[in-house]
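Residue numbers (our numbering): 193 to 507.
Note that CB positions come from ideal geometry on N, CA and C, so glycine has one too.
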């Protein structure tokens with residue numbers, strides 16, 4: 193229990209730093225600022241892996257003593273890094289979709305940060321519920337792993353079949369319902385979600401954008417969270433790797449927004465990773481793949497996707 197209290201305090205502190213220091217004000221991050229912040233967040237996420245190693249190696253606060261949890265620092269570290277990389281790479285792909293949503297609603301650049309920050313807050317809460325609910329299900333019904341495996345493999349298939357224009361925002365039921373039943377002004381009011389017009393409160397297009405981004409993120413979470421269950425069943429490793437991966441997404445978005453077209457083969461790499469993870473989960477009872485080998489395979493696929501994308505762009 194103490195380990196969760198400590199991590200909760202760390203998480204609150206990091207969110208305060210992100211809101212008040214690293215991204216002070218409402219201005220759009222410059223590429224230099226976004227690069228600096230992204231390096232800081234990735235470094236923090238990787239440095240937490242050092243804590244994971246020693247916490248599990250020395251069983252701090254009783255961590256790593258439960259059945260089904262890694263009992264060595266090395267195993268815990270490889271599982272944490274694998275989960276972190278999977279969530280981070282899938283989240284980067286999600287950022288491309290967020291860019292399409294911002295472009296569709298014509299959200300001013302200086303207002304996008306607000307949607308992303310509060311979107312991350314909502315993502316932390318919802319993913320926490322999904323992770324702990326998923327752990328409870330897996331521990332109670334072991335056969336559900338096969339269901340997760342099929343979800344992951346289907347996600348890979350869906351990603352392969354979908355094109356860049358696969359998201360029809362205008363026809364989303366939520367968008368249609370909100371536009372019909374919620375008072376909404378057709379203009380942005382700085383970075384406010386609501387504004388008062390004629391003595392009545394109205395939602396702004398920024399609020400609609402915020403809701404769409406969160407719904408899309410929840411849909412994507414059904415891909416990434418089952419994928420991490422193929423790596424570990426330890427709720428602490430699943431939750432922390434997820435959280436550290438998405439904490440820096442706001443900075444990463446402003447870093448990648450101008451170079452998204454360069455990552456032409458990233459989606460292919462993600463499809464291969466999802467297929468590998470789904471198959472790994474299916475065969476785990478009969479042919480378990482060591483955590484270290486799984487990490488090497490995931491890293492290799494990611495690096496190959498990035499190098500292939502950059503080489504294709506140069507040619």
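Q. Going by the beta-carbon positions, is the gap between residue 397 and residue 377 smaller than 9 Å?
A. yes
Q.
In whole angstroms, give me the CA-to-CA distance for residue 323 and residue 331.
A. 12 Å
Q) Is the Cβ-Cβ distance between residue 491 and residue 277 less than 9 Å? A) yes
Q.
For the pair the segment 389 to 407 and the segment 289 to 308, tell me if three or more CB-CB distances fall below 8 Å.
A. yes
**Q.** Three or more C-beta pairs below 8 Å linking the segment 297 to 311 and the segment 371 to 387
**A.** yes
Q.
My parser needs the beta strand (DSSP E) runs of 3 or more residues fully inside the segment 379 to 434; what are they?
A. 386 to 389 and 392 to 395
(Q) Quick check: what's the CA-CA separation for residue 385 versus residue 399? (A) 5 Å
Q. Going by other Cβ atoms of all chains shown within 10 Å of its Cβ, with 16 needed for buried, is residue 307 buried or exposed?
A. buried
Q. Using the beta-carbon count (16 or more within 10 Å), is residue 472 buried or exposed?
A. buried
Q: Go ahead and label residue 305 buried or exposed: buried means 16 or more other beta carbons lie within 10 angstroms of its beta carbon, across all protein chains shown.
A: buried
Q) Quick one: Cα of residue 313 to Cα of residue 353, how far? A) 31 Å
Q: Report the rounded CA-to-CA distance for residue 248 versus residue 501, giving the unit in angstroms.
A: 37 Å
Q. Under the DSSP definition of a beta bridge, which residues are partnered with residue 376?
A. 395
**Q.** Closest residue to residue 418 among 233, 204 and 343 (Cα-Cα distance)
**A.** 343
**Q.** Extent of the continuous alpha helix (DSSP H) run through residue 310
**A.** 301 to 332
(Q) Excluding the 5 residues flanking residue 237 on each side, which residues of the same chain have their C-beta closer than 7 Å to its C-beta? (A) 276, 436 and 437
**Q.** Alpha carbon of residue 366 to alpha carbon of residue 373, nearest angstrom
**A.** 11 Å
Q: Identify whether residue 478 lies in helix, strand or coil by the three-state DSSP scheme.
A: coil
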